[in-house]
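**Q** In our numbering, the protein residues as written are 14 to 188. Below you will find the structure I want to go over with you.
So this is what it looks like as structure tokens:
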């Protein structure tokens, strides 16, 4: 496999982030949700204005994975008041790890997850947490394999469909 570079994303990466967001979200969820709910979610969450706001938020950080000059995945983390749940201010949320389907199984997700763990160590948070749809078995296996454990559940609304997300966390061992 070729070398993968991980770097912090900037506003210059907006169009590629938008493209990958739409591709990966659709590939992962379109077969098990209504077209209307998928379309509405994409229009609300992955439009240029929304992604620009997220990229410019100092408490949200984007990191991209690059292979042969192409962005093949990205990571979005939230800290402080940018977290989607008010669980613990001294925690870090993985809001998204999106990897193009053609790059699944090539350790891109693990590289992005390792980046999160490094950031968590540097910032001194107690743990990393995320929400993952209970029907996304591939993602649950990935996080479980990487020592995340379920600690709660919450409702994620995808249009008019209320879905259950498992909330998982990884405890940071401070050195």
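Glycine included, every Cβ here is placed at the ideal spot set by N, Cα and C.
#1: How would you call residue 48, buried or exposed, if buried means at least 16 neighbouring beta carbons within 10 angstroms?
#2: Within 10 Å of its beta-carbon, does residue 96 have 16 or more other beta-carbons around it, so buried, or fewer, so exposed?
#3: Among the candidates 183, 80, 83 and 71, whose CA atom is the shortest distance from the CA of residue 91?
#4: Looking at residue 182: is its Cβ nearer than 7 Å to the Cβ of residue 140?
#5: Just to confirm my understanding: we take residue 162, look at its own chain, exclude 5 residues before and 5 after, and list those with CB closer than 7 Å. What are they?
#6: From the DSSP output, read off the bridge partner residues of residue 76.
#7: Keeping to the same chain, check which residues put their C-beta closer than 6 Å to that of residue 109; ignore five residues upstream and five downstream.
#8: Run the CB neighbour count on residue 164, radius 10 Å, all protein chains shown included, and call it buried at 16 or more, exposed below.
#9: Determine the burial state of residue 170: buried for a count of at least 16 other Cβ atoms within 10 Å of its Cβ, exposed for fewer.
#10: Just list the beta strand (DSSP E) runs in the region 133-158, keeping only unbroken ones of 3 residues or longer that don't cross its boundaries, in chain order.
#11: For my contact list, residue 111 and residue 37 are in at a C-beta cut-off of 8 Å; report their separation, rounded to the angstrom.
#12: Taking just the CA atoms, how far does residue 99 sit from residue 106?
#13: Quick one: Cα of residue 127 to Cα of residue 50, how far?
**A** A quick look at the data gives this:
#1: Position 35 of the chain shown holds residue 48. Sixteen is the threshold: since fewer than 16 other Cβ atoms of the shown chains lie within 10 Å of the Cβ of residue 48, the residue is exposed.
#2: The residue you call residue 96 lines up with position 83 of the chain shown. Buried is the call here.
#3: For this step, residue 91 is matched to residue 78 along the chain shown. The shortest C-alpha to C-alpha distance from residue 91 to any of 183, 80, 83 and 71 is the one to 71.
#4: Indexing the chain shown from 1 puts residue 182 at position 169. Indexing the chain shown from 1 puts residue 140 at position 127. Cβ distance < 7 Å, so residue 182 and residue 140 count as in contact.
#5: Here residue 162 is taken as the residue at index 149 of the chain shown, counted from 1. Here the set comprises 181 and 182.
#6: Numbered from 1 along the chain shown, position 63 holds the residue referred to as residue 76. Its beta-bridge partners are 21 and 88.
#7: Numbered from its first residue, the chain shown carries residue 109 at position 96. Cβ neighbours of residue 109 beyond the five flanking positions: 89.
#8: Along the chain shown, read from residue 1 onward, the residue named residue 164 stands at position 151. Exposed, because fewer than 16 other Cβ atoms sit within 10 Å of the Cβ of residue 164.
#9: For this step, residue 170 is matched to residue 157 along the chain shown. Taking all protein chains shown into account, residue 170 has fewer than 16 neighbouring C-beta atoms within 10 Å of its C-beta and is therefore exposed.
#10: 140-146
#11: As a first step, residue 111 must be located in the chain shown, where it is residue number 98. As a first step, residue 37 must be located in the chain shown, where it is residue number 24. Indeed, because the Cβ distance is near 4 Å, the residues count as touching under 8 Å.
#12: Within the chain shown, numbered from 1, the residue matching residue 106 stands at position 93. Within the chain shown, numbered from 1, the residue matching residue 99 stands at position 86. Roughly 10 Å separates the two Cα atoms.
#13: Your numbering for residue 127 matches position 114 in the chain shown. Your numbering for residue 50 matches position 37 in the chain shown. Using only the alpha carbons, I get a separation of about 32 Å.
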